[in-house]
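In the numbering used here, the protein residues as written are 5 to 249.
Every residue gets a Cβ at the ideal spot worked out from N, C-alpha and C, and that includes glycine.
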C-alpha cells in the first residue's frame, strides 16, 4: 500500500476509536476549548475497504475558540439569522458554510454567487453593496446550508491545547489535511455536492478545503502526537461523562 494511503487509513481507524461522531443537536458546552475537528458527510465513504465514512474536512482554530467555531458552522445561535442589508451573514464568518453555499448556487446556475462571495464583515463592502443585496434570498440559502450541515454532517475531535502544535503550516493541521487530500484511494461519490463547487481545489481535492492540500502526510512523529492526543481526548470524554452523571 502507498505510504500516504496507509497513513490515511491509519488516521481514519484511530479516530474511530474515539467512538461515535458528534451529530446535531449538541451542546457547545459539551465540547473542549481547543482541538482539531474532522468532519464526515453522509454518503461519503473511505476507499480502504468497506463502507466506513471518509473525512471530508479537517479544521482548527485560534486559542479557546473551538466551541465558537463549531457554533458558527452549525449556526447554534439563531440570532445570527437576524441580519439585514447593513450586516454580515453567517457564512461571512464560516468558510465551510460559504463553500457549501457556493456549491449550491453553482449547481443551480444562480448568478447570486457573485454577491455570496462578498465579505460583508468589511464596512466598505457593506456600504458599496447594501442596496443591491437580496437579503431574503440570502436568508433562504443560509437556512439550506444550515439544514445540510445539521442533517448530513458529523464530526470527531482530538484535543490539542497548544496553538502552535495545532495550526497552520507548522502544526498538525497541515499534515493531517495533506494525508487526507493526497490519498488516492479515498475518492468522492458521484453525488458529492463538492463536485458542483466553483472552486477547482475543492472539486479536485475531494475535501471542503483549499489550503494545505499539497502538504506532506503525517510522519511517525506526528503519529505519536496524534496517538497521545486521542488518549487525552478519551480521558477528557470519560471525565466529562462522569461529571454529567
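Under DSSP, the beta-bridge partners assigned to residue 27 are 158.
Comparing C-alpha distances from residue 234 to each of 200, 23, 57, 116 shows the shortest one belongs to 23.
A Cβ-Cβ contact shorter than 7 Å links residue 201 with residue 106. For the set 82, 222, 6, the Cα lying nearest the Cα of residue 150 is the one of 82. Under DSSP, residue 63 shares a beta bridge with 41. With respect to the C-alpha of residue 49, the residue from 204, 210, 135, 218 having the closest C-alpha is 210. Sequence-distant partners of residue 76 (beyond 5 residues in either direction) whose C-beta falls short of 6 Å from its own C-beta, in its chain, are 97, 98. If you check the CB distance, residue 42 and residue 134 do not come in under 7 Å. Between the beta-carbon of residue 163 and that of residue 39 there is about 5 Å, and that keeps the pair under the 8 Å contact cut.
In its chain, beyond the 5 residues on either side, 117, 200, 201, 202 have a beta carbon closer than 8 Å to the beta carbon of residue 110. Judged by beta-carbon spacing, residue 79 lies within the 7 Å limit of residue 94, meaning their Cβ atoms are closer than that value. Cα atoms of residue 241 and residue 58: separation of roughly 23 Å, rounded to the nearest angstrom. Non-local C-beta neighbours of residue 73 in its own chain, meaning closer than 6 Å and more than five positions away in sequence, comprise 65, ordered along the chain. In this structure, DSSP gives residue 136 a helical state, which the three-state scheme calls helix.
Take residue 139, set aside five residues on each side of it, and the residues of its chain with a beta-carbon closer than 8 Å to its own are 87, 88, 89, in chain order.
If you draw a straight line from the Cα of residue 33 to the Cα of residue 223, it comes to about 33 Å.
When C-alpha distances from residue 67 are compared across 91, 9, 169, the shortest belongs to 169. Where residue 197 is concerned, there is no enclosing alpha helix (DSSP H), because DSSP gives it neither an H nor an E. Residue 221 is not bridged by DSSP to any residue. Annotation for residue 154: 28, 78 place their beta carbon closer than 7 Å to its own, counting only its chain and skipping 5 residues before and after. Annotated as proximal: residue 103 and residue 212, with beta-carbon spacing under 7 Å. CA-CA distance, residue 147 to residue 225, rounds to 42 Å. CA-to-CA, the gap between residue 53 and residue 31 works out to about 33 Å. Excluding sequence positions up to five before and after residue 167, its CB lies within less than 7 Å of the CB of 66, 67, all in the same chain and listed in chain order. CA-CA distance, residue 230 to residue 142, rounds to 39 Å.
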